[in-house]
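Protein chains: 2
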Amino acid sequence: MKKPLILVTNDDGIAAPGIRTLIEVARELGDVLVVAPDKPQSGQGHAITIKLPLRVHPVDIFKGVEAYECSGTPVDCVKFAKYKLLKDKKIDLCVSGINHGGNAAINILYSGTMSAAMEASIEGINSIGFSLLDYSWEADFSAARVYARKLMEKVLSEGLQECKLLNVNIPNLPLEQIKGARICRQAACDYTEEFIEGTDPHGQKYYWLGGEFIEDGAAEGTDVWALKQGYVSIVPSTHDLTSYRGMETLKHLENLS
Amino acid sequence: MKKPLILVTNDDGIAAPGIRTLIEVARELGDVLVVAPDKPQSGQGHAITIKLPLRVHPVDIFKGVEAYECSGTPVDCVKFAKYKLLKDKKIDLCVSGINHGGNAAINILYSGTMSAAMEASIEGINSIGFSLLDYSWEADFSAARVYARKLMEKVLSEGLQECKLLNVNIPNLPLEQIKGARICRQAACDYTEEFIEGTDPHGQKYYWLGGEFIEDGAAEGTDVWALKQGYVSIVPSTHDLTSYRGMETLKHLENLS
Numbered sequence: 017m018k019k020p021l022i023l024v025t026n027d028d029g030i031a032a033p034g035i036r037t038l039i040e041v042a043r044e045l046g047d048v049l050v051v052a053p054d055k056p057q058s059g060q061g062h063a064i065t066i067k068l069p070l071r072v073h074p075v076d077i078f079k080g081v082e083a084y085e086c087s088g089t090p091v092d093c094v095k096f097a098k099y100k101l102l103k104d105k106k107i108d109l110c111v112s113g114i115n116h117g118g119n120a121a122i123n124i125l126y127s128g129t130m131s132a133a134m135e136a137s138i139e140g141i142n143s144i145g146f147s148l149l150d151y152s153w154e155a156d157f158s159a160a161r162v163y164a165r166k167l168m169e170k171v172l173s174e175g176l177q178e179c180k181l182l183n184v185n186i187p188n189l190p191l192e193q194i195k196g197a198r199i200c201r202q203a204a205c206d207y208t209e210e211f212i213e214g215t216d217p218h219g220q221k222y223y224w225l226g227g228e229f230i231e232d233g234a235a236e237g238t239d240v241w242a243l244k245q246g247y248v249s250i251v252p253s254t255h256d257l258t259s260y261r262g263m264e265t266l267k268h269l270e271n272l273s
Numbered sequence: 017m018k019k020p021l022i023l024v025t026n027d028d029g030i031a032a033p034g035i036r037t038l039i040e041v042a043r044e045l046g047d048v049l050v051v052a053p054d055k056p057q058s059g060q061g062h063a064i065t066i067k068l069p070l071r072v073h074p075v076d077i078f079k080g081v082e083a084y085e086c087s088g089t090p091v092d093c094v095k096f097a098k099y100k101l102l103k104d105k106k107i108d109l110c111v112s113g114i115n116h117g118g119n120a121a122i123n124i125l126y127s128g129t130m131s132a133a134m135e136a137s138i139e140g141i142n143s144i145g146f147s148l149l150d151y152s153w154e155a156d157f158s159a160a161r162v163y164a165r166k167l168m169e170k171v172l173s174e175g176l177q178e179c180k181l182l183n184v185n186i187p188n189l190p191l192e193q194i195k196g197a198r199i200c201r202q203a204a205c206d207y208t209e210e211f212i213e214g215t216d217p218h219g220q221k222y223y224w225l226g227g228e229f230i231e232d233g234a235a236e237g238t239d240v241w242a243l244k245q246g247y248v249s250i251v252p253s254t255h256d257l258t259s260y261r262g263m264e265t266l267k268h269l270e271n272l273s
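Protein chains in written order, with my numbering: chain A, 17 to 273; chain B, 17 to 273.
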């Protein structure tokens with residue numbers, strides 16, 4: 017039987033520990049292609065590189081797995097994999113991560129990890145973004161690995177029906193303390209931002225974004241709530257940003273006389 | 017009566033012609049603050065600057081309107097305006113654009129113009145992103161100006177109810193040929209990408225993203241359809257990316273034994 021083709025990417029950069037975990041799992045389940053940024057690209061959201069050329073180089077750092085580093089954003093990596101490297105080959109699954117740090121709630125918009133997975137889902141590819149709630153480079157991905165493998169197996173065998181994208185966050189807990197997985201909706205949590213002011217060595221003023229994520233109001237059934245309870249959160253997600261409720265309530269805006 | 021406070025931004029950069037049109041309209045309707053990128057930031061999506069400091073400078077290029085150029089992304093500009101410059105002041109409306117080029121369909125994800133407006137909407141601010149279907153620097157914004165003014169007036173006086181974000185695209189037509197405005201849903205149109213290969217002056221290979229937007233399948237009721245008919249398209253939009261349909265159909269993914 018033909019093995020499934022799995023595309024692996026991330027936003028922490030091709031050398032980040034988190035992607036190695038996903039690559040190991042992907043190798044157990046199928047044929048693997050890795051295309052990932054050549055440097056950290058956290059917070060890049062759905063950015064694409066249109067005004068500059070991209071540089072792409074093969075790298076031999078994953079024991080025989082075909083892999084490329086790309087100078088662009090996570091979304092660029094997915095586009096390059098699909099349209100340049102794989103062309104007509106069918107990608108059975110795209111996995112992105114495992115991100116060093118959580119991407120629940122509104123973070124799905126800022127996250128390069130999730131945007132890469134979303135880009136693949138726009139192309140009709142079943143896609144999963146994985147994030148572990150530990151920002152450190154030395155994060156322990158062992159529990160995340162177990163859940164990533166279970167979910168990837170299930171999606172490869174059963175598909176995702178008309179939904180093509182999952183935002184998966186894993187609590188920073190030992191495996192035995194994780195209570196299981198929960199299908200959730202995106203929490204309405206947001207940041208309160210602070211700009212730290214400073215003066216650089218040349219006497220010029222700078223501002224550095226240093227916001228705080230506010231977990232208050234993470235209602236039952238949301239991803240932030242599930243993570244606080246010790247569950248892996250799975251948010252089925254979409255790139256259709258239409259507010260269908262807004263379409264009903266704002267019909268009068270057509271009358272612009 | 018207190019004048020409304022209007023925040024103006026864009027992604028083409030503070031010197032782009034399109035933002036001048038919005039600033040002119042905003043001045044007619046309220047007090048204006050401009051915070052915009054100090055250089056073009058097209059395709060930046062919802063990127064934020066977290067690993068580098070930001071530089072922000074006041075600029076006196078809009079005849080007495082308070083304005084700042086910022087080294088960051090469009091989303092950074094909105095965060096800076098709200099959390100650093102305005103602090104506790106209530107922003108009554110955020111307008112972004114007028115973008116040089118359309119942002120219908122999936123472009124809402126790639127567009128810095130729309131991401132800036134979306135960032136304001138996350139903060140609960142009524143927000144509108146405007147885009148004209150003409151990429152040229154010399155684009156004629158006169159018809160777009162008329163619709164921008166009508167819509168801004170209406171939103172300032174009537175609000176947007178629970179929906180906080182409008183994606184507005186204006187066809188590249190003379191005012192008298194525009195048939196009016198239509199409330200639409202986001203079209204499921206996508207790009208077919210091509211990477212143009214080349215060799216730089218130093219003999220190094222590069223790839224340049226050069227995709228084509230495929231309008232086929234823009235069903236009736238979508239923004240791409242409305243624009244082709246000669247209407248201004250208004251898509252009420254949301255930052256909640258949950259697929260509520262997916263939550264129903266993928267409940268079985270919780271069973272990861």
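Cβ coordinates follow ideal geometry from the N, Cα and C atoms, glycine included.
Helix, strand or coil at residue i according to DSSP, with G and I counted as helix
i, result
"Val51 of chain A", "strand"
"Arg36 of chain A", "helix"
"His218 of chain A", "coil"
"Leu109 of chain A", "strand"
"Ala197 of chain A", "strand"
"Pro190 of chain B", "coil"
"Ile138 of chain B", "helix"
"Pro74 of chain B", "strand"
"Leu21 of chain B", "strand"
"Asn123 of chain B", "helix"
"His268 of chain B", "helix"
"Thr258 of chain A", "strand"
"Phe96 of chain A", "helix"
Test item: CB-CB of residue i and residue j under 8 angstroms
i, j, result
"Pro20 of chain A", "Leu181 of chain A", "no"
"Val248 of chain B", "Ala197 of chain B", "yes"
"Leu125 of chain B", "Phe96 of chain B", "no"
"Ile35 of chain B", "Val48 of chain B", "no"
"Lys221 of chain A", "Glu210 of chain A", "no"
"Cys200 of chain B", "Asp256 of chain B", "no"
"Ile138 of chain A", "Gly59 of chain B", "no"
"Gly118 of chain A", "Lys195 of chain A", "no"
"Leu225 of chain A", "Ile64 of chain B", "yes"
"Ala132 of chain B", "Val91 of chain B", "yes"
"Thr37 of chain B", "Ala160 of chain B", "yes"
"Val111 of chain A", "Ile22 of chain A", "yes"
"Thr129 of chain B", "Ser143 of chain B", "no"
"Lys100 of chain A", "Tyr223 of chain B", "yes"
"Ala164 of chain B", "Val50 of chain B", "no"
Residue(s) in a DSSP beta bridge with residue i
i, result
"Lys211 of chain A", "Note that residue 211 of chain A is Phe in the sequence shown here, rather than Lys. For Phe211 of chain A, which the question treats as bridged, DSSP gives the partners A:Leu225."
"Glu82 of chain B", "B:Leu49"
"Asn183 of chain A", "A:Gly145 and A:Val251"
"Asp28 of chain A", "Answer is none; Asp28 of chain A lacks a bridge partner."
"Asp232 of chain A", "Beta-bridge pairing links Asp232 of chain A to no other residue."
"His116 of chain B", "B:Leu148"
"Asp206 of chain A", "A:Ile230"
"Leu238 of chain A", "Checking the displayed sequence, the identity of residue 238 of chain A turns out to be Thr instead of Leu. A:Arg201, per the DSSP bridge assignment."
Reference residue i, options the options, closest by Cα
i, options, result
"Glu178 of chain B", "B:Tyr222, B:Thr254, B:His62 and B:Tyr223", "B:Thr254"
"Ser273 of chain B", "A:Glu169, A:Tyr222, A:Asn123 and A:Thr265", "A:Glu169"
"Ile141 of chain A", "A:Lys105, A:Arg165 and A:Phe157", "A:Lys105"
"His268 of chain B", "A:Ser112, A:Tyr222, A:Leu176 and A:Leu189", "A:Leu176"
"Asp108 of chain B", "B:Gly29, B:Ser87, B:Asn185 and B:Val24", "B:Val24"
"Pro33 of chain B", "B:Lys100, B:Ile114, B:Leu68 and B:Pro90", "B:Ile114"
"Ala289 of chain B", "B:Ala120, B:Lys79 and B:Ser87", "Limits of chain B in this structure are 17 at one end and 273 at the other, which puts residue 289 of chain B out of reach."
"Ile30 of chain A", "A:Lys18, A:Cys93, A:Met17 and A:Glu44", "A:Cys93"
"Pro74 of chain A", "A:Gly80, A:Val81, A:Glu85 and A:Leu68", "A:Glu85"
"Gln57 of chain B", "B:Thr265, B:Phe157 and B:Thr89", "B:Thr89"
"Gly237 of chain B", "A:Ala164, A:Met263, A:Asp232 and A:Arg165", "A:Met263"
"Gln193 of chain A", "A:Val162, A:Val41, A:Cys205 and A:Thr208", "A:Val162"
"Ala155 of chain B", "B:Pro190, B:Gly145 and B:Met134", "B:Pro190"
"Asp206 of chain B", "B:Asp232, B:Trp241 and B:Glu135", "B:Asp232"
"Tyr151 of chain B", "B:Thr215, B:Asp27 and B:Met17", "B:Asp27"
Residue i classed as buried or exposed, judged by whether at least 16 other C-beta atoms fall within 10 angstroms
i, result
"Arg261 of chain A", "exposed"
"Ala52 of chain B", "buried"
"His62 of chain B", "buried"
"Ile230 of chain A", "exposed"
"His116 of chain A", "buried"
"Leu243 of chain B", "buried"
"Asn183 of chain A", "buried"
"Ile122 of chain A", "buried"
"Asp54 of chain B", "buried"
"Gly219 of chain B", "exposed"
"Pro252 of chain B", "buried"
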